[in-house]
Amino acid sequence: VVDGLFMSANTGMAAFAISSSGHLVYAAGPQERGTRVFVWVDASGRKTPLPLKPSSYLHPRLSPDGRQLAYEVEGASHDIFSYDFTRGTTTRMSLDGASHWPLWTPDGGRLTFRSWKTGTMTMWWMPGDQSGPPQLLTNQGSMQSPESWSPDGKHLYFCRALQNNSKETMTMEEIEATKYDIVRIPFE
40 VVDGLFMSAN
50 TGMAAFAISS
60 SGHLVYAAGP
70 QERGTRVFVW
80 VDASGRKTPL
90 PLKPSSYLHP
100 RLSPDGRQLA
110 YEVEGASHDI
120 FSYDFTRGTT
130 TRMSLDGASH
140 WPLWTPDGGR
150 LTFRSWKTGT
160 MTMWWMPGDQ
170 SGPPQLLTNQ
180 GSMQSPESWS
190 PDGKHLYFCR
200 ALQNNSKETM
210 TMEEIEATKY
220 DIVRIPFE
(Lines of atoms letter the chains of each structure in order from A and count residues from 1; the text may use other names and numbers.)
(Lines give C-alpha, C1' and ligand atoms only; values in the text may rest on other atoms or scores of the structure.)
Protein backbone atom coordinates (compact mmCIF):
# COMPACT_ATOMS: atom_id res chain seq x y z
CA VAL A 1 0.00 0.00 0.00
CA VAL A 2 2.68 2.45 1.10
CA ASP A 3 6.24 2.28 2.46
CA GLY A 4 6.48 2.59 6.24
CA LEU A 5 3.05 1.06 6.96
CA PHE A 6 2.78 -0.62 10.38
CA MET A 7 1.95 -4.32 9.90
CA SER A 8 1.78 -7.42 12.06
CA ALA A 9 3.74 -10.38 10.76
CA ASN A 10 1.76 -12.64 13.11
CA THR A 11 -1.74 -11.74 11.98
CA GLY A 12 -1.23 -10.01 8.63
CA MET A 13 -3.01 -6.92 9.99
CA ALA A 14 -2.08 -3.66 8.28
CA ALA A 15 -3.00 -0.44 10.09
CA PHE A 16 -4.70 1.65 7.41
CA ALA A 17 -8.09 2.79 6.15
CA ILE A 18 -9.26 4.25 2.84
CA SER A 19 -12.27 6.57 2.70
CA SER A 20 -14.95 6.38 0.02
CA SER A 21 -13.40 9.50 -1.53
CA GLY A 22 -10.02 7.76 -1.80
CA HIS A 23 -8.15 9.32 1.13
CA LEU A 24 -5.66 7.07 2.93
CA VAL A 25 -4.87 7.19 6.62
CA TYR A 26 -2.33 4.80 8.17
CA ALA A 27 -0.16 4.16 11.18
CA ALA A 28 3.48 4.64 10.32
CA GLY A 29 5.94 2.04 11.54
CA PRO A 30 7.85 -1.08 10.62
CA GLN A 31 6.45 -4.50 9.89
CA GLU A 32 5.96 -5.88 13.36
CA ARG A 33 7.83 -9.11 13.88
CA GLY A 34 5.79 -10.00 16.92
CA THR A 35 8.11 -8.50 19.51
CA ARG A 36 7.01 -5.62 21.67
CA VAL A 37 7.96 -4.41 25.12
CA PHE A 38 5.77 -3.01 27.87
CA VAL A 39 6.88 0.37 29.17
CA TRP A 40 5.72 2.03 32.38
CA VAL A 41 5.39 5.81 32.02
CA ASP A 42 5.24 7.79 35.28
CA ALA A 43 3.49 11.12 35.82
CA SER A 44 6.61 13.05 34.78
CA GLY A 45 6.85 11.14 31.49
CA ARG A 46 9.82 8.97 32.52
CA LYS A 47 9.71 5.62 30.70
CA THR A 48 10.80 2.38 32.34
CA PRO A 49 10.57 -0.94 30.47
CA LEU A 50 8.89 -3.71 32.46
CA PRO A 51 11.17 -6.66 33.27
CA LEU A 52 9.47 -8.93 30.74
CA LYS A 53 11.20 -10.36 27.69
CA PRO A 54 10.02 -8.90 24.37
CA SER A 55 7.05 -10.82 22.99
CA SER A 56 3.98 -10.35 20.82
CA TYR A 57 1.98 -8.52 23.50
CA LEU A 58 -1.51 -7.13 22.89
CA HIS A 59 -4.27 -5.42 24.89
CA PRO A 60 -2.58 -4.54 28.20
CA ARG A 61 -5.04 -3.82 31.02
CA LEU A 62 -4.04 -2.60 34.49
CA SER A 63 -6.00 -4.01 37.41
CA PRO A 64 -8.08 -1.39 39.27
CA ASP A 65 -5.59 -1.37 42.17
CA GLY A 66 -2.65 -1.01 39.75
CA ARG A 67 -0.89 -4.09 41.12
CA GLN A 68 -1.33 -6.38 38.11
CA LEU A 69 -1.19 -6.14 34.35
CA ALA A 70 -3.32 -8.51 32.28
CA TYR A 71 -2.36 -8.91 28.63
CA GLU A 72 -2.67 -11.15 25.60
CA VAL A 73 0.23 -12.81 23.81
CA GLU A 74 -0.48 -13.44 20.13
CA GLY A 75 1.06 -16.03 17.87
CA ALA A 76 0.00 -19.42 16.57
CA SER A 77 -2.21 -19.49 19.66
CA HIS A 78 -3.42 -16.65 21.88
CA ASP A 79 -3.48 -16.73 25.65
CA ILE A 80 -3.94 -14.30 28.53
CA PHE A 81 -1.26 -13.67 31.14
CA SER A 82 -1.02 -11.55 34.27
CA TYR A 83 2.07 -9.80 35.59
CA ASP A 84 2.21 -9.04 39.33
CA PHE A 85 4.22 -5.83 39.89
CA THR A 86 4.81 -6.51 43.59
CA ARG A 87 6.10 -10.07 43.23
CA GLY A 88 7.62 -9.61 39.76
CA THR A 89 5.93 -12.79 38.55
CA THR A 90 3.98 -13.76 35.44
CA THR A 91 1.01 -16.14 35.52
CA ARG A 92 -0.57 -17.78 32.50
CA MET A 93 -4.29 -17.19 33.00
CA SER A 94 -5.70 -19.14 30.03
CA LEU A 95 -4.53 -22.45 28.66
CA ASP A 96 -6.76 -22.92 25.64
CA GLY A 97 -4.71 -21.05 23.04
CA ALA A 98 -7.86 -19.20 21.96
CA SER A 99 -8.37 -16.40 24.50
CA HIS A 100 -8.20 -12.68 23.77
CA TRP A 101 -8.91 -9.17 25.01
CA PRO A 102 -8.61 -9.26 28.83
CA LEU A 103 -10.63 -6.78 30.88
CA TRP A 104 -10.61 -6.55 34.69
CA THR A 105 -13.87 -6.25 36.61
CA PRO A 106 -14.03 -3.01 38.65
CA ASP A 107 -13.19 -4.83 41.90
CA GLY A 108 -10.21 -6.57 40.27
CA GLY A 109 -11.57 -9.96 41.28
CA ARG A 110 -12.17 -11.31 37.78
CA LEU A 111 -10.87 -11.09 34.25
CA THR A 112 -13.42 -10.85 31.46
CA PHE A 113 -12.21 -12.02 28.03
CA ARG A 114 -13.30 -13.39 24.69
CA SER A 115 -12.47 -16.88 23.48
CA TRP A 116 -12.98 -19.26 20.59
CA LYS A 117 -13.64 -22.16 23.05
CA THR A 118 -17.16 -22.73 21.71
CA GLY A 119 -16.23 -22.45 18.02
CA THR A 120 -17.26 -18.81 17.82
CA MET A 121 -15.95 -15.79 19.73
CA THR A 122 -17.89 -15.73 23.02
CA MET A 123 -17.38 -13.88 26.32
CA TRP A 124 -16.07 -15.53 29.46
CA TRP A 125 -14.77 -14.54 32.84
CA MET A 126 -12.52 -16.16 35.41
CA PRO A 127 -11.35 -15.42 38.94
CA GLY A 128 -8.26 -13.22 38.83
CA ASP A 129 -6.60 -15.51 41.39
CA GLN A 130 -7.47 -18.65 39.36
CA SER A 131 -9.51 -20.05 42.26
CA GLY A 132 -12.12 -21.39 39.82
CA PRO A 133 -12.57 -22.27 36.15
CA PRO A 134 -13.57 -19.80 33.43
CA GLN A 135 -17.34 -19.39 32.97
CA LEU A 136 -19.23 -18.57 29.78
CA LEU A 137 -21.10 -15.28 30.19
CA THR A 138 -23.41 -15.51 27.17
CA ASN A 139 -23.66 -17.45 23.94
CA GLN A 140 -26.07 -15.02 22.25
CA GLY A 141 -24.60 -13.77 19.00
CA SER A 142 -21.01 -14.18 17.92
CA MET A 143 -17.76 -12.24 17.76
CA GLN A 144 -18.39 -10.86 21.24
CA SER A 145 -15.83 -8.42 22.67
CA PRO A 146 -15.96 -7.11 26.24
CA GLU A 147 -15.29 -3.38 26.18
CA SER A 148 -15.97 -1.81 29.58
CA TRP A 149 -17.52 -2.46 32.98
CA SER A 150 -19.64 0.11 34.78
CA PRO A 151 -17.90 1.35 37.97
CA ASP A 152 -20.35 -0.62 40.17
CA GLY A 153 -19.68 -3.86 38.25
CA LYS A 154 -23.34 -4.41 37.38
CA HIS A 155 -23.06 -3.66 33.66
CA LEU A 156 -20.65 -5.08 31.11
CA TYR A 157 -20.61 -3.21 27.82
CA PHE A 158 -19.64 -5.33 24.84
CA CYS A 159 -19.91 -5.60 21.07
CA ARG A 160 -21.18 -8.56 19.10
CA ALA A 161 -21.79 -9.43 15.48
CA LEU A 162 -25.32 -10.14 14.23
CA GLN A 163 -26.45 -12.59 11.55
CA ASN A 164 -26.57 -9.85 8.90
CA ASN A 165 -22.90 -8.97 9.63
CA SER A 166 -23.88 -5.74 11.36
CA LYS A 167 -22.62 -5.05 14.87
CA GLU A 168 -24.31 -3.81 17.99
CA THR A 169 -23.16 -2.64 21.37
CA MET A 170 -24.87 -4.27 24.30
CA THR A 171 -24.78 -4.34 28.07
CA MET A 172 -25.06 -7.37 30.28
CA GLU A 173 -26.46 -6.72 33.73
CA GLU A 174 -25.74 -9.15 36.49
CA ILE A 175 -29.05 -10.33 38.01
CA GLU A 176 -27.63 -13.17 40.12
CA ALA A 177 -24.20 -14.79 40.23
CA THR A 178 -24.98 -16.96 37.19
CA LYS A 179 -27.84 -15.14 35.42
CA TYR A 180 -27.55 -12.13 33.12
CA ASP A 181 -30.01 -9.87 31.42
CA ILE A 182 -29.02 -8.58 27.99
CA VAL A 183 -30.12 -5.12 26.92
CA ARG A 184 -29.57 -3.83 23.35
CA ILE A 185 -28.01 -0.46 22.69
CA PRO A 186 -27.87 0.76 19.05
CA PHE A 187 -24.33 0.68 17.63
CA GLU A 188 -23.25 3.91 16.00
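In the numbering used here, the protein residues as written are 40 to 227. Ideal Cβ placement from N, Cα and C applies to all residues, glycine included.
query, result
"Round the Cβ separation of R85 and W143 to the nearest angstrom and send it over; I've been treating them as touching at under 8 Å.", "Their Cβ separation, rounded to whole angstroms, is 25 Å, which puts R85 and W143 out of contact at 8 Å."
"Identify, in the order they occur along the chain, each residue of the same chain with its Cβ nearer than 8 Å to the Cβ of S187, setting aside the five sequence neighbours on each side.", "L142, L195 and Y196"
"What residue does the beta strand (DSSP E) around W140 start on, and which one ends it?", "S138 to W143"
"Rounded to a whole number of angstroms, what is the C-alpha to C-alpha distance between C198 and P185?", "7 Å"
"Taking 7 Å as the cut-off, decide whether the C-beta atoms of Q107 and D118 are in contact.", "no"
"Within the continuous beta strand (DSSP E) that includes K86, where are the two ends?", "K86 to P88"
"Pick out whichever of W140, G167, T129 and D146 has its Cα sitting closest to the Cα of T161.", "W140"
"Would you kindly work out how many angstroms separate the C-alpha atoms of D168 and G148, rounded to a whole number?", "7 Å"
"Just to confirm the assignment, what range does the beta strand (DSSP E) spanning T240 have?", "No answer is possible for residue 240: it lies beyond the span of the chain, which begins at 40 and ends at 227."
"Alpha carbon to alpha carbon, how far is V80 from L89?", "10 Å"
"In the structure shown, what three-state DSSP assignment does D104 receive?", "coil"
"Write down the C-beta distance between E113 and S95 rounded to the nearest angstrom, noting that I regard them as a contact closer than 8 Å.", "5 Å"
"Using C-beta distances below 6 Å, list every residue in its chain close to T157, excluding the 5 sequence neighbours before and after it, in chain order.", "none"
"Quick check on DSSP: helix, strand or coil for S116?", "coil"
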